[in-house]
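Novice: For the sequence shown, position 1 matches number 921 in this note's numbering, and the numbering has no gaps at all. For each residue, glycine too, the CB sits at the ideal point set by N, CA and C. None of these values were measured; they are calculated from a predicted model.
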Amino acid sequence: MSTTRPPTDLPLSQLEGLRHRADQIIESINALAGSIHLQDAPAMYPWPDLLARYNLLLSQTLNFSNSLAAAVPPQPGSRPSDASVERIFEKLALHPKKALEDPQFHAEVAPFIRHNQTYDILKKESTTVSGLCDHLETRGSVGVLSGLPSARMKSRKTTYEDVLQECAEIGGSHERRVERGRLVVAQILEKTDKYEWKERVLVEQPEPDELGFDPRYVLSAGAGAVSAAPEDHIDEEGEFGDDMDDDEGINGNMEQDDGPLTEGEGAEMSEAPEQPPLALDPALQAMWQG
């Protein structure tokens, strides 16, 4: 299948004129920029020369704009119409008549991209290279072009192979640092997943140093059982609460209401056998006395 496209009715003469004007504008821009920078020399062209080149650039740009806005002349015998309708440049999509192969396309485009860099990019590139050369022992291209031996190569002049070798060493050192950092991060993540940090920071509840002891807990010597007061009558400190006081108050009121005892009642109470005192456990007694 042939890649050649059929010819079309295009205003080739006007397109060639636009191409020529665009080339002139590019040359004028490069000339004006070169006269301003002057290869970073501490000098500059006279002001009238710079102004003349700038005015030339303005005139070329104006002519190019007018050519783009101009209408295509009508063909003989046709009726004139609106000029905006006849502007076919904005409707064109240019393409080569024959498709270019990849090597040919690269050969055509690469020089244009390489030789038409802006001065800002070139300046930044030069600044970056100079900064890197200051930190290299071989001083990079500066050390090679100066022809002086560097601190690393004292016996001979610095060559481009020495600069490339030092750059390779810097790159290898950087890769080793990156690998070491990755290893440390991997170990940290592995330990985090292996050990539960919540279990490591748990704190047990401290036990009290001294247990509360109530002297009313009496150990029976015969039965070996401990008699204690009901829990309802013991407060948080191990002492009897207000219920016992209320009982004592009630008993006292009852005794006051009954009045003094008679002789018979006193005799009956005196004849009642006395209960022997309960013996305390020696260990509890020693704890109580101590």
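Using the rule of at least 16 other Cβ atoms within 10 Å of the residue's Cβ for burial, across every protein chain shown, is residue 960 buried or exposed?
Specialist: On the sequence shown, position 40 is the one that residue 960 refers to. Result: exposed.
Novice: To the nearest whole angstrom, what separates the beta carbons of residue 1098 and residue 1083, a pair I think is in contact under 8 Å?
Specialist: Against the sequence shown, residue 1098 aligns to sequence position 178. Against the sequence shown, residue 1083 aligns to sequence position 163. That pair is no contact at about 23 Å.
Novice: Where does residue 1076 sit, in a helix, a strand or coil, going by DSSP?
Specialist: As a first step, residue 1076 must be located in the sequence shown, where it is residue number 156. Coil, per DSSP.
Novice: Since residue 948 and residue 977 are thought to touch, with beta carbons under 8 Å apart, how far apart are those beta carbons, to the nearest angstrom?
Specialist: Along the sequence shown, one-based indexing puts residue 948 at 28. Along the sequence shown, one-based indexing puts residue 977 at 57. Right, the Cβ-Cβ distance comes to about 4 Å (below 8 Å), so this counts as a contact.
Novice: Residue 937 to residue 1044, Cα distance in whole Å?
Specialist: Here residue 937 corresponds to residue number 17 of the sequence shown, with the count starting at 1. Here residue 1044 corresponds to residue number 124 of the sequence shown, with the count starting at 1. Those two C-alpha atoms are separated by around 36 Å.
Novice: Taking the straight line between their C-alpha atoms, what separation do you get for residue 1100 and residue 1088?
Specialist: Position 180 of the sequence shown holds residue 1100. Position 168 of the sequence shown holds residue 1088. Looking at the two C-alpha atoms, the distance is approximately 18 Å.
Novice: Going by DSSP, what residue range makes up the alpha helix (DSSP H) through residue 965?
Specialist: Residue numbering aside, residue 965 sits at position 45 when the sequence shown is read from its first letter. Neither: residue 965 is in no alpha helix (DSSP H) and is coded neither H nor E.
Novice: Below 8 Å CB to CB, which residues in the same chain sit around residue 1028 once its five sequence neighbours on both sides are set aside?
Specialist: In the sequence shown, the residue the question calls residue 1028 occupies position 108. Cβ within range, chain order: 1020.
Novice: Indicate the three-state DSSP secondary structure (helix, strand or coil) for residue 1163 in the structure shown.
Specialist: For this step, residue 1163 is matched to residue 243 along the sequence shown. Since pLDDT at residue 1163 reaches only 48, below the 50 mark, its modelled position is unreliable, and no value is offered.
Novice: Let me know if residue 1058 comes out buried or exposed under the rule of 16 or more other beta-carbons within 10 Å of its beta-carbon.
Specialist: Locating residue 1058 in the sequence shown gives position 138, counting from the first residue. Residue 1058 is buried by the Cβ-count criterion.
Novice: When you compare only the Cα positions, how much space is there between residue 1056 and residue 989?
Specialist: On the sequence shown, residue 1056 is found 136 positions in, with the first residue counted as 1. On the sequence shown, residue 989 is found 69 positions in, with the first residue counted as 1. Taking the straight line joining both Cα atoms gives about 55 Å.
Novice: My output table needs one value for residue 931: the three-state DSSP class, helix, strand or coil.
Specialist: Locating residue 931 in the sequence shown gives position 11, counting from the first residue. Coil at residue 931, not helix or strand.
Novice: What do you get for residue 1047, buried or exposed, if any count of 16 or more other CB atoms within 10 angstroms of its CB means buried?
Specialist: Counting from one through the sequence shown, the residue named residue 1047 turns up at place 127. Label assigned to residue 1047: exposed.
Novice: DSSP on residue 1102, reduced to helix/strand/coil?
Specialist: Reading the sequence shown from its first residue, position 182 is the one you call residue 1102. Helix at residue 1102.
Novice: Taking the alpha carbon of residue 986 as the reference point, which residue from 1051, 1102 and 941 has its own alpha carbon closest?
Specialist: Translated into the one-based positions of the sequence shown, residue 986 becomes position 66. Out of 1051, 1102 and 941, 941 has the C-alpha closest to the C-alpha of residue 986.
Novice: For residue 1009, which residues in the same chain have their Cβ closer than 7 Å to its Cβ, ignoring the five residues on either side in sequence?
Specialist: Within the sequence shown, the letter at position 89 stands for residue 1009. Counting only Cβ-Cβ distances below 7 Å, and skipping sequence neighbours, we find 988.
Novice: With distances taken from CA atoms, which of 931, 1109, 1106 and 1202 is nearest residue 1013?
Specialist: One-based indexing of the sequence shown puts residue 1013 at position 93. Nearest of 931, 1109, 1106 and 1202 to residue 1013, Cα basis: 931.
Novice: Taking Cβ to Cβ, would you say residue 944 is nearer than 8 Å to residue 980?
Specialist: Here residue 944 corresponds to residue number 24 of the sequence shown, with the count starting at 1. Here residue 980 corresponds to residue number 60 of the sequence shown, with the count starting at 1. Taking 8 Å as the Cβ cut-off, residue 944 and residue 980 qualify as a contacting pair.
Novice: Pick out whichever of 984, 962, 963 and 952 has its Cα sitting closest to the Cα of residue 971.
Specialist: For the purposes of this step, residue 971 is taken as the residue at position 51 of the sequence shown. Closest option to residue 971, Cα to Cα, is 952.
Novice: Is it buried or exposed for residue 1091, if we count other Cβ within 10 angstroms and need 16 for buried?
Specialist: On the sequence shown, residue 1091 is found 171 positions in, with the first residue counted as 1. It is exposed - the Cβ of residue 1091 has fewer than 16 other Cβ atoms within 10 Å.
Novice: Beta-carbon separation of residue 1066 and residue 1053 under 8 Å?
Specialist: The residue labelled residue 1066 in the question sits at position 146 within the sequence shown. The residue labelled residue 1053 in the question sits at position 133 within the sequence shown. No.
Novice: Tell me the rounded alpha-carbon separation between residue 968 and residue 1025.
Specialist: Taking the sequence shown and counting its residues from 1, one reaches residue 968 at position 48. Taking the sequence shown and counting its residues from 1, one reaches residue 1025 at position 105. Residue 968 and residue 1025: Cα-Cα distance of roughly 42 Å.
Novice: Count the other C-beta atoms from every protein chain shown that fall within 10 angstroms of the C-beta of residue 1096, then say buried if there are 16 or more, exposed otherwise.
Specialist: For the purposes of this step, residue 1096 is taken as the residue at position 176 of the sequence shown. Burial call: exposed.
Novice: Quick one: what's got a C-beta closer than 6 Å to residue 1206's C-beta in the same chain, skipping five residues either side?
Specialist: Translated into the one-based positions of the sequence shown, residue 1206 becomes position 286. So the list is empty, once near-sequence residues are dropped.
Novice: Using 10 angstroms around the beta-carbon of residue 973, count the other beta-carbons present and answer buried if the total reaches 16, otherwise exposed.
Specialist: The residue labelled residue 973 in the question sits at position 53 within the sequence shown. Buried.
Novice: Buried or exposed for residue 1078, please, with buried defined as at least 16 other CB atoms from any protein chain shown within 10 angstroms of its CB.
Specialist: Along the sequence shown, one-based indexing puts residue 1078 at 158. Classification of residue 1078: buried, given that the 10 Å Cβ count is 16 or more.
Novice: Pick helix, strand or coil for residue 1058, following the three-state DSSP scheme.
Specialist: Here the question's residue 1058 lines up with position 138 in the sequence shown. Residue 1058 falls in the coil class under three-state DSSP.
Novice: Would you verify that the beta carbon of residue 1022 is, or is not, closer than 8 Å to some beta carbon of chain D?
Specialist: Any reference to chain D falls outside this structure, which holds one protein chain only.
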